[in-house]
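K.L.:
First the structure, then my questions, so here it is.
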Amino acid sequence: MSHDSHNHTHEHAHSHESHELPFWRKYIFSTDHKVIGLQYGITAIFFLLFGFGLMLLMRWQLAFPKQAIPLIGKLFTEDGVLSPELYNQFGAMHGTIMVFLGVVPLAVGAFGNYLLPLQVGAQDMAFPKLNMMSYWVYFIGGVIMLLSFMTPNGAAASGWTSYPPLSVITNPGTDFWEAMLTGQSMWLLGMVFLITSSLLGSVNTIVTAIQLRVKGLSFMRWPVLVWAQVTTAFLLLLAFPPLEAAGILQLMDRVGGTSFFMPSGLVVSGEAWKASGGGNPILWQHLFWFLAHPEVYVLILPAVGIIGEIIAVNTRKPLYGYKTLIYSILFLGFMSFIVWAHHMFMTGMGVTMSTFFQATTMIISVPSVIILTTYLLTLWGASIRYTVAMLFATAFLPMFAIGGLTGLPLGLTASDIHLHDTYYVIGHFHYVVAPGTLFALMAGVYHWYPKITGRFMNDTLGKIHFWLSVISINGIFMPMFFLGMAGVSRRLYDQTVYAHGVAAQPLNVVMSVSAWILALAQLPFLYNMATSWKWGKKAESNNPWGGTTLEWAASSPPPHENFTTPVEVFRAPYEYSSTKKHLPQFVQEA
Amino acid sequence: MEQPQYGFWLPPNISTHGAEIDNLISTLHWFMAVLFIGWGLYLVYCLIRFRERPGHEADVTSAPHFVVPKYIEIGIIVIEACLLIFFSAPIWARVKQDFPKESEALIVKVTAEQFAWTIHYPGRDRKFGQLKNELIDGTNPTGLDRNDPNGVDDIISPNILNIPVNQKVIVQLSAKDVIHSFSLPVMRVKQDAVPGMTIPLWFEATQTGKFEIACAQLCGVGHTQMRGFFNVMTSQEYDTWYNEEEKSLLGDAATATEPSGENK
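Okay, here's the thing in structure tokens:
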């Protein structure tokens, strides 16, 4: 390691050299993509735990309706029972926080920021200051979301989808400031910040990946994670602006008395709604889902990329059908723009529209199946090394498959009639995002931890984390399909109001207990992540897993500006030779 | 009328169109199960056979080209296309588009609000009275104008939808305040109620019984409580109920004309 590199694991407070930046420029308002990546990662993990915590409280109410939450219930309400008001707030904020403040910042902000410049051999992102701004705009958005809990009527309570008119008529306020200081208005304002942050990040990703490629790194030599991040960045860039605009329009409906989404003749609690009317609530749904369906692929594509990297390294084989895989990712990205209305089949859609959107939905399943197939075929003839990262990656495959397959009955309109807006939907997308994307992100943490810190995470704790997580997470989401089949609507405070809900209620107890076990299973992970930083086993090599992509050419942790000697790429990303040696992209001789 | 049996799977179906939907759902789940078990067996086999162990190396010399997966992929595409073209789209058209003749059907208005359903029968003249927002109050949730000649014999049934069995029913669905979703799980009926729009839907029940209307779209703090009742009656029972309702309504109107009559 040369003198200008900086080892994060050692004492640094006293021995700064004169040219070094002060602490606050180096670790807080940093322009280094690695520091920003870590900032994103740590903030996102905080929000993931927070959002998960909201759900753990809601799960008590769902399992044992109207019973006081033990120990901590009194913190929230006088009698300790989670009120329907709080339930709706927690539900809306769970979705918002997990998606916009947790998974996307971790997948795109943290993994994209940290790994993408390394994998293309760049010294940093193309626009380091824009990168810093992207993080801080995200941070402000997150703070606004958290502060919204402190407003007099609490946080937003109209679901993460915020459908008007409900979202507009809830706690409307009598003047501008009263209307502004409400959960829903702050949610909209927070979303504007979060979307702005994503836009800044996406521009950076695209320019960095294309312009700062090191010599020899043609597009078809990009690691799959780079392809995934670039496709994701295009989705962010093209799909997010409509919701940014729509968010401002809804904010105007709330605080400015406009009627973009408010129809004429509205009667709320027996009183005529005081606005001109003439708007259309369905318009919001179109704008929202035009963002939020590509958003699903923003959640899943970085995960697909991470899994690809981990499978290639740990099977000691090239990825099967690399080009097919890349074209599938691109096609998936493109198709994700023309399926959005399958979220709206029950809004009164005719045959022409519904046939178009269910056809595109069936078509989008094709590249998804191809991606899964290429990974499965890579396993054939492999020598599979079961690191903790690889365990999570192998679990990802069947979990993602369940998530994808259960999209079929929802994507076909006729079967969707019964399943729409039931727990079946919740089970479906959680299989995609929780044991799908989140498992991939956890795999990524275990896999790149030695690169980021120079030390390994503890293997035993990792395996405990893995097995407890994979079992309990299925205990949460598998029963949801049965609940949905039984016809139980989603977002119910207490399903035992309905006869079919009473019959299916025992499943809720199973889900809640599983959720609490899953929460406990994350303790070894968090402990492992925190303590291994300082006390983990040292990674003697820069390339402990025998990887082939460029990040393994840098020292661990990589110094400022990443590479101390010039790097060059000589071959495709996953060329492993028949002897146990591997052929990294950055090594010239065969 | 006995209580339906509910469990961990599809609730009983009592509609004429529901069997087609149930068949599609079960066909899809068989298809999904075959794919998942196939992939799963292959995955488990690979994970065991190709594990890292002394003396075993990854085979990277031969560049394998698998043909079978291509045919599986084509098979999946063909099956999905068939499910779409021959099942989903036609069923959707029959359920959502091919309405029975209005003359043959019982037509009712269902208006959703936070957090109740108002069911509005047009009466023997088969014409709905006008709804006026300014007439809305605690006793008149949809603002029905009783002075409108068409509205005199209209029957308002709060939260209870009674229909005769084996009778096609057309519901004109709307909402007063926010988006709700009219869901009859046993009928395989679901339709969003959107303020500013009136959306028609139709169904026909094949069995009598006492069931529920559920709200399927988050509509506010009382979303859970937005339960309605859905009773499928024999035509005699229905007529009896209807005549009683009509008698109490028109009897009231008759007494109102008497100077001393004040029994609200």
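Protein sequence lines correspond, in order, to chains A and B. Numbering (the numbering used here) for the first sequence: -8 to 581. Numbering (the numbering used here) for the second sequence: 1278 to 1541. Ideal Cβ placement from N, Cα and C applies to all residues, glycine included. Small disclaimer: the values here were computed from a predicted structure and weren't measured.
Based on DSSP bridge pairs, tell me the residues matched to Pro1441 of chain B.
P.N.:
Pro1441 of chain B pairs with B:Met1510.
K.L.:
Sort out for me which residues DSSP pairs Asp1414 of chain B with in a bridge.
P.N.:
Asp1414 of chain B pairs with B:Asn1417.
K.L.:
Rank A:Gly248, A:Arg245, A:Val246, A:Ala266 by C-alpha distance to the C-alpha of Ser619 of chain A and give the top, closest one.
P.N.:
Limits of chain A in this structure are -8 at one end and 581 at the other, which puts residue 619 of chain A out of reach.
K.L.:
So which residues on chain A does Thr1416 of chain B lean against when the C-beta distance must stay under 9 Å?
P.N.:
In chain order: nothing, as chain A lies at least about 11 Å away.
K.L.:
Quick one: residues in its chain with C-beta nearer than 7 Å to the C-beta of Asn1439 of chain B, no 5 flanking neighbours on either side, listed in chain order?
P.N.:
Only Asn1508, Met1510, Tyr1515, Trp1518 meet the Cβ criterion.
K.L.:
Does Gln1449 of chain B get closer than 8 Å to chain A when you measure Cβ to Cβ?
P.N.:
Chain A contact via Cβ: absent.
K.L.:
So what's Lys1378 of chain B in DSSP terms, helix, strand or just coil?
P.N.:
Coil.
K.L.:
Have a look at Met124 of chain A and Thr142 of chain A and give me their C-alpha separation to the nearest angstrom.
P.N.:
Their backbone Cα atoms lie some 27 Å apart in a straight line.
K.L.:
Less than 7 Å between C-beta atoms, sequence neighbours within five positions excluded: which residues of the same chain meet that for Ala117 of chain A?
P.N.:
Closer than 7 Å at Cβ, skipping near neighbours: Asn195, Val198, Thr199, Gln202, Leu203.
K.L.:
Three-state secondary structure (DSSP) at Cys1492 of chain B?
P.N.:
Reduced to three states, the DSSP call for Cys1492 of chain B is strand.
K.L.:
Looking at Gly42 of chain A and the ligand GTP, is the gap between the Cβ and the nearest heavy atom below 7 Å?
P.N.:
Looking for the ligand GTP in the displayed structure turns up nothing, as the structure carries no ligands at all.
K.L.:
Terminal residues of the continuous beta strand (DSSP E) containing Lys1549 of chain B?
P.N.:
Any question about residue 1549 of chain B goes unanswered here, given that chain B covers just 1278 to 1541.
K.L.:
What in chain B is Cβ-close to Ala477 of chain A, meaning under 9 Å?
P.N.:
By Cβ distance, chain B contributes Tyr1283, Gly1284, Phe1285, Trp1286, Leu1287, Pro1288, Pro1462.
K.L.:
To the nearest angstrom, how far is the alpha carbon of Phe67 of chain A from that of Arg482 of chain A?
P.N.:
Cα to Cα, the separation comes out at about 20 Å.
K.L.:
Please tell me whether Glu1521 of chain B has its Cβ less than 8 Å away from any Cβ of chain A.
P.N.:
Not one chain A Cβ lies under 8 Å of Glu1521 of chain B.
K.L.:
If you count every other CB in all the chains shown that lies within 10 Å of the CB of Glu235 of chain A, and 16 or more means buried, which is it?
P.N.:
Flag for Glu235 of chain A reads buried.
K.L.:
By the criterion of Cβ-Cβ separation under 7 Å, what are the contact partners of Gln1494 of chain B in chain A?
P.N.:
Within chain A, the residues near Gln1494 of chain B are Asp412.
K.L.:
List the residues of chain A that Ala1313 of chain B touches, going by C-beta distances under 8 Å, in chain order.
P.N.:
Note on identity: in this sequence residue 1313 of chain B is Phe, with Ala being the wrong assignment. Here the neighbours are Pro389, Ala392, Ile393, Leu396.
K.L.:
Ordered along the chain, which non-local residues of its own chain (more than five positions away) have a Cβ less than 6 Å from that of His421 of chain A?
P.N.:
Answer for His421 of chain A: Phe468, listed in chain order.
K.L.:
If you compare alpha carbons, which of A:Pro119, A:Val436, A:Pro75 is closest to Phe20 of chain A?
P.N.:
Comparing Cα-Cα distances from Phe20 of chain A to each of A:Pro119, A:Val436, A:Pro75, the minimum goes to A:Pro119.
K.L.:
Report all residues from its chain with a CB closer than 8 Å to the CB of Ala283 of chain A; omit the five preceding and five following residues, and keep chain order.
P.N.:
Once the five neighbours on either side are set aside, the close Cβ partners of Ala283 of chain A are Thr152, Leu234, Trp331, His334.
K.L.:
Could you tell me the boundaries of the alpha helix (DSSP H) in which Trp51 of chain A lies?
P.N.:
That run of the alpha helix (DSSP H) goes 24 to 54.
K.L.:
Assign Arg1371 of chain B to one of three DSSP states: helix, strand, or coil.
P.N.:
Here Arg1371 of chain B sits in helix by DSSP.
K.L.:
Leaving out the 5 sequence neighbours to the left and right, which residues in its chain are closer than 7 Å to Met1464 of chain B when beta-carbon positions are compared?
P.N.:
Excluding positions up to five away in sequence, the list reads Ile1291, Ser1292, Gly1295, Phe1480, Ala1482.
K.L.:
Is Tyr489 of chain A helix, strand or coil by DSSP?
P.N.:
In the structure shown, Tyr489 of chain A sits in coil (DSSP, three-state: anything other than H, G, I, E or B).
K.L.:
Return the chain-ordered ranges of every alpha helix (DSSP H) run that is complete within the stretch 56 to 112 of chain A and spans a minimum of 4 residues.
P.N.:
Counting whole runs of 4 or more residues, the stretch 56 to 112 of chain A contains the alpha helix (DSSP H) stretches 75 to 87, 104 to 110.
K.L.:
Within 10 angstroms of its Cβ, does Gln58 of chain A collect 16 or more other Cβ (buried), or is it exposed?
P.N.:
The residue is exposed, with fewer than 16 neighbouring Cβ atoms inside 10 Å.
K.L.:
In the DSSP assignment, the beta strand (DSSP E) including Thr222 of chain A goes from what residue to what residue?
P.N.:
First-last for Thr222 of chain A: 215 to 246, but that is the alpha helix (DSSP H), not the beta strand (DSSP E).
K.L.:
Using beta carbons (cut-off 8 Å, strictly below), is Lys1404 of chain B in contact with chain A?
P.N.:
It does not: the Cβ of Lys1404 of chain B has no partner Cβ on chain A nearer than 8 Å.
K.L.:
In the DSSP assignment, find the alpha helix (DSSP H) that holds His573 of chain A and state where it starts and stops.
P.N.:
Premise fails: His573 of chain A is in no alpha helix (DSSP H) and is neither H nor E.
K.L.:
Does DSSP put Tyr1398 of chain B in a helix, a strand or coil?
P.N.:
DSSP places Tyr1398 of chain B in strand when its eight states are reduced to three.
K.L.:
Where Val259 of chain A and Ile160 of chain A are concerned, what is the direct C-alpha to C-alpha distance, given to the nearest angstrom?
P.N.:
If I take the Cα positions, the gap works out to 8 Å.
K.L.:
Under 8 Å by Cβ, that's how I've got Gly1400 of chain B and Asp1422 of chain B pegged, so tell me the actual separation to the nearest angstrom.
P.N.:
At roughly 13 Å, the Cβ-Cβ gap does not stay under 8 Å, so Gly1400 of chain B and Asp1422 of chain B are not in contact.
K.L.:
Using the rule of at least 16 other Cβ atoms within 10 Å of the residue's Cβ for burial, across every protein chain shown, is Gln80 of chain A buried or exposed?
P.N.:
Per the 10 Å Cβ criterion, buried.
K.L.:
At 4 residues or longer, and completely inside the stretch 500 to 545 of chain A: list those alpha helix (DSSP H) runs for me, N to C.
P.N.:
Runs found: none.
K.L.:
According to DSSP, Gln1468 of chain B sits in a beta bridge with which residue or residues?
P.N.:
DSSP, once it has assigned bridges, lists B:Phe1459 as partnering Gln1468 of chain B.
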